[in-house]
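A.B. asks: Per full-length UniProt numbering, numbering through the sequence shown is continuous, rising by one, with the last residue being 336.
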Amino acid sequence: MFSSVRRLMSLHHHLGKFLLVGLLALSGLGLNISAQAEAYPTRSINIFVGFPAGGAADIVARMIGEQLSAKLGQPVVVINKPGAASTIGMVAAAAAPNDGYNLLLSSLTNQVIAGHLYKDLKVNILTDFEPVAMIANAPHVLNVNAQVPAQNLKELIAWLKANNGKINYASQGNGTLSHLESALLAEQIGVDLVHVPYKGSAPAVPDLVAGNVSFMFDSAAASKPLLDSGKVRALAVAATQRLPGMPELPTMIEAGLPGYNVNNWMGIYAPKGTPVEFTQVLEQTFAQILADPAFQKTLIEKGLIATPMGPKELTQRALEDSDRWGKVIKADNISF
């Protein structure tokens, strides 16, 4: 009997030691994760952008990168990888190490549209990336060159109908939002237009100013300097509400095209598998940046609207837009 008691006591002793070791190991793991999060970042962070320097995505990346660097105490490097409706930048970001030091500034274009356009695209932002934070709405403005005989959207529509099939327009590239916005305009008013794709806004703008192309949907951020100089005219904004920085500019709906409902946005993503303790630091830091009234004012001056959202809201917006634009792309039979 006494030997049984001793065996039972020995069992309890060993079990206690096992539990103690396990608890200490878990505690150490927790402390290690916490320590990692507290130490992060310890070196420079890259932000991949699928558009060239000078466009809205590049402007936002550099603005947010400057603030991120100030908050976290490490350099932030913007890496421009333009082309293929911004998917080159997305593919490059997906291939980068998922160590918390590589991010993607994703726009609506490579966020949801590319998945419907490119049949052989191996990267999907909904499955190959971790959502971090929504940054801003970046509405596009309908710009015409100075030679176009239209002072408002109704006059432009009349001119396009009178010259059906003869008028060209620029876009940021095949399959980009600026391409699809023009395709949607043509579809809704019943005309054919000649598409001239570029690799982003920067190379397209000189041709728009020179009159080599008649119009272009471009970001308000990239358009504002041109509008201020009088080199092009803006007829409407492709958004559901007027821009705080351009309150005099009507929406496409207000200007005479009911049902033209477009919202362009930008968010930050990290490659799939990036440690959650790092993405949480980034999410919290972006929330602080976007809550700053001075930063919000700077965005407005650039034709942008601060739109702070967390990962869940960002994913929901992406899914909704994927469904909506997928139908437009299918209806227009656009694919590459």
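For glycine and all other residues, C-beta sits at the position ideal for the given N, C-alpha and C. Owing to the predicted nature of the structure, the values given are computational and were not obtained by experimental measurement.
How many angstroms separate the CA atom of I157 from the CA atom of A186?
C.D. replies: Position 157 of the sequence shown holds residue 157. Position 186 of the sequence shown holds residue 186. Near 9 Å, if we compare the C-alpha coordinates of A186 and I157.
A.B. asks: Please say whether S219 and H140 have beta carbons closer to each other than 7 Å?
C.D. replies: Here residue 140 refers to the residue found at position 140 when the sequence shown is read from its first residue. Here residue 219 refers to the residue found at position 219 when the sequence shown is read from its first residue. Taking 7 Å as the Cβ cut-off, H140 and S219 qualify as a contacting pair.
A.B. asks: Are the CB atoms of M252 and A238 within a distance shorter than 7 Å?
C.D. replies: In the sequence shown, residue 238 corresponds to position 238, counting from 1. In the sequence shown, residue 252 corresponds to position 252, counting from 1. Closer than 7 Å, so yes.
A.B. asks: For the beta strand (DSSP E) that contains F215, what are its first and last residues?
C.D. replies: The count along the sequence shown starts at 1 and reaches residue 215 at position 215. From DSSP, the beta strand (DSSP E) with F215 extends over F215 to S219.
A.B. asks: Report the three-state DSSP secondary structure of A287 (helix, strand or coil).
C.D. replies: Translated into the one-based positions of the sequence shown, residue 287 becomes position 287. Helix, per DSSP.
A.B. asks: On the CB-based measure, 16 or more other CB atoms within 10 Å of its CB, does residue 416 come out buried or exposed?
C.D. replies: Because the chain is modelled from 1 through 336, residue 416 falls outside the range shown and cannot be assessed.
A.B. asks: Throw me the rounded Cβ distance for the K199 and G83 pair, which I believe falls under 8 Å.
C.D. replies: Along the sequence shown, one-based indexing puts residue 199 at 199. Along the sequence shown, one-based indexing puts residue 83 at 83. The Cβ separation is near 6 Å, so the contact holds.
A.B. asks: Give the range of the beta strand (DSSP E) segment to which R324 is assigned.
C.D. replies: In the sequence shown, counting from the first residue as 1, residue 324 sits at position 324. Segment P311 to A331 is the alpha helix (DSSP H) holding R324; no beta strand (DSSP E) there.
A.B. asks: Can the beta-carbon of L72 be found closer than 7 Å to that of S335?
C.D. replies: Numbered from its first residue, the sequence shown carries residue 72 at position 72. Numbered from its first residue, the sequence shown carries residue 335 at position 335. Their beta carbons are not under 7 Å apart, which means L72 does not touch S335 by this criterion.
A.B. asks: Taking the alpha helix (DSSP H) that F295 falls in, what are its first and last residues?
C.D. replies: As a position in the sequence shown, residue 295 is number 295, starting the count at 1. Looking at the DSSP string, the run of the alpha helix (DSSP H) that includes F295 is P293 to E301.
A.B. asks: Beta carbon of F51, beta carbon of D58: below 7 Å?
C.D. replies: Within the sequence shown, residue 51 is the residue found at index 51, counting from 1. Within the sequence shown, residue 58 is the residue found at index 58, counting from 1. Cβ atoms of F51 and D58: closer than 7 Å.
A.B. asks: Using CA coordinates, which residue listed in L208, A94, N212 and I45 is at the minimum distance from A222?
C.D. replies: Here residue 222 corresponds to residue number 222 of the sequence shown, with the count starting at 1. Of the candidates L208, A94, N212 and I45, the one whose C-alpha sits nearest the C-alpha of A222 is L208.
A.B. asks: Rounded to a whole number of angstroms, what is the C-alpha to C-alpha distance between residue 337 and A94?
C.D. replies: Since the first and last residues shown for the chain are 1 and 336, residue 337 lies out of range.
A.B. asks: Does the separation of the CB atoms of L226 and L142 fall below 7 Å?
C.D. replies: Start at 1 with the first residue of the sequence shown, and residue 226 comes out as number 226. Start at 1 with the first residue of the sequence shown, and residue 142 comes out as number 142. Judged by their CB atoms, L226 and L142 are not nearer to each other than the 7 Å cut-off.
A.B. asks: Checking the sheet assignment: what are the DSSP bridge partners for E130?
C.D. replies: If you number the sequence shown from 1, residue 130 lands on position 130. For E130, which the question treats as bridged, DSSP gives the partners A270.
A.B. asks: How would you call R317, buried or exposed, if buried means at least 16 neighbouring beta carbons within 10 angstroms?
C.D. replies: On the sequence shown, residue 317 is found 317 positions in, with the first residue counted as 1. Per the 10 Å Cβ criterion, buried.
A.B. asks: According to DSSP, is A236 part of a helix, a strand, or is it coil?
C.D. replies: Here residue 236 refers to the residue found at position 236 when the sequence shown is read from its first residue. Of the three classes helix, strand and coil, the one that applies to A236 here is strand, per DSSP.
A.B. asks: Three or more C-beta pairs under 8 Å: does that hold for the stretch 245-265 against the stretch 274-283?
C.D. replies: no
A.B. asks: Buried or exposed: where does N102 fall if 16 or more other Cβ atoms within 10 Å of its Cβ makes it buried?
C.D. replies: Taking the first residue of the sequence shown as position 1, residue 102 is located at position 102. When all chains shown are included, N102 counts as buried.
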